[in-house]
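Following: one structure in structure tokens, then a few remarks.
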Amino acid sequence: MEIASLRGRVESLIHVHSRDYVPDILKSGFSCARCGWCCRENFSIRITEDILRPSNAISIFPDDIRRIMKGTGMKWDEAAQPDIYSCLSDGDKIYAIGWLLRRNDAKECVFYMDGACTIYEFRPMICRCYPFFMGERGVEVMHCEGLGKEMAGERAEEIARMLKRFEMKKLRSYINIMAQLGDKLSFANLRALPRGYEGEVIVCDGEGISWRRL
Ligand code: SF4
Ligand code: SF4
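For the sequence shown, numbering that gives the first Met the number 0 assigns the number 0 to the initial residue and increments by one for each residue that follows.
Dropping the structure here:
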């Protein structure tokens with residue numbers, strides 16, 4: 000996708016009122032059952048022939064990481080890890096596109112403990128929007144154990160506002176990442192890191208560039 004087209008989407012989204020999303024959200028009857036399904040690995044999504052992305056490989060913004068750090072006292076790398084499922088190779092360099100919520104050895108989000116989110120107040124924007132996301136045809140609903148229930152209008156409005164903020168932030172972040180990576184950012188350059196990869200990864204997150212040794 001071109002930067003100009005993403006800018007066009009940002010421009011048109013600015014003029015959409017989040018209340019337009021409310022009917023679809025209300026219709027879903029969402030009320031979180033706190034089952035943790037979305038925090039655990041349930042399936043994988045095939046991105047390319049050699050990239051299988053776990054369902055709970057959750058992309059987060061630098062702002063999300065800073066909020067978690069402020070709320071918990073954790074360090075950046077305790078909360079987040081480079082997105083090892085979205086990497087590009089360029090000669091002998093490996094670039095990771097952004098950050099994931101860190102996952103533990105049980106393949107769960109590190110903040111999921113005893114059946115609950117331990118950072119509920121500080122959780123990332125994407126978790127606040129789940130199970131909703133903006134698709135080609137508007138609001139779409141992902142798998143969730145908390146659908147088909149009573150839902151208050153205020154709660155639907157709150158999620159609608161978050162969904163719009165999230166979508167704007169995501170598009171602006173893509174634009175910045177595209178500017179950072181230039182020609183290197185192409186589907187053909189996407190790579191999965193080999194199992195047990197040990198080496199340096201350059202993380203481009205739309206804000207800055209970080210180096211991490213895996
Ligand atoms: S799957 Fe749905 S009900 Fe379960 S924790 Fe996630 S958002 Fe809540
Ligand atoms: S931050 Fe909380 S809600 Fe989000 S995936 Fe982790 S445990 Fe689940």
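Where a beta carbon is used, it is the ideal one built from N, C-alpha and C, also for glycine.
Heavy atom of ligand 1 within 7 Å of Pro193 beta-carbon: False, no ligand heavy atom lies under 7 Å from that Cβ.
Within the region 31-103, ranges of the alpha helix (DSSP H) (whole runs, at least 4 residues): 61-71 and 75-78
Nonlocal neighbours in the same chain, by C-beta distance under 7 Å from Met133, ignoring five residues either side: Leu162 and Glu166
Start-to-end residues for the beta strand (DSSP E) that takes in Glu199: Glu199 to Cys203
Three-way DSSP call (helix, strand, coil) for Gly145 in this model: coil
Three-state secondary structure (DSSP) of Ser172: helix
Three-state secondary structure (DSSP) of Glu120: helix
Coil, strand or helix - Phe132 by DSSP: strand
Of the listed residues Leu100, Asp89, Asn55 and Glu1, nearest to His142 (C-alpha basis): Asn55
Rounded separation between Glu153 and Gly97 - CA only: Cα to Cα, Glu153 sits roughly 33 Å from Gly97.
Cβ-based neighbour list, Leu25, same chain, cut-off 8 Å, excluding 5 preceding and 5 following: Exclusion of the five residues before and after Leu25 leaves Met150, Gly152 and Ala155 as the residues of its chain whose Cβ lies within less than 8 Å of its Cβ.
Pair within 8 Å by beta-carbon distance, Leu146 and Ser27: In this structure, the beta-carbon distance from Leu146 to Ser27 falls below 8 Å.
DSSP state of Gly7 mapped onto helix, strand, coil: helix
Val138 - containing beta strand (DSSP E), residue span: Gly137 to Val140
Gly205, buried or exposed, once every other Cβ within 10 Å from all chains shown has been counted against 16: buried
Within 8 Å, strictly: CB atoms of Ser17 and Arg160: yes
Any non-hydrogen atom of ligand 1 within 7 Å of Arg33 CB: Yes, the Cβ of Arg33 comes within 7 Å of a heavy atom of ligand 1.
DSSP-derived helix/strand/coil call for Tyr20: helix
Glu1 versus Glu135, Ala187, His14 and Ala178, residue with shortest Cα-Cα distance: Looking only at Glu135, Ala187, His14 and Ala178, the smallest Cα-Cα distance to Glu1 is reached by Ala178.
Burial state of Cys106 (16 or more Cβ within 10 Å): The question names Cys, but residue 106 is Lys in the sequence shown. Classification of Lys106: exposed, given that the 10 Å Cβ count is below 16.
Same chain, Cβ closer than 6 Å to Ile93, neighbours up to 5 away in sequence not counted: Cys86 and Val200
heavy atom of ligand 2 below 7 Å from Pro123 C-beta: yes
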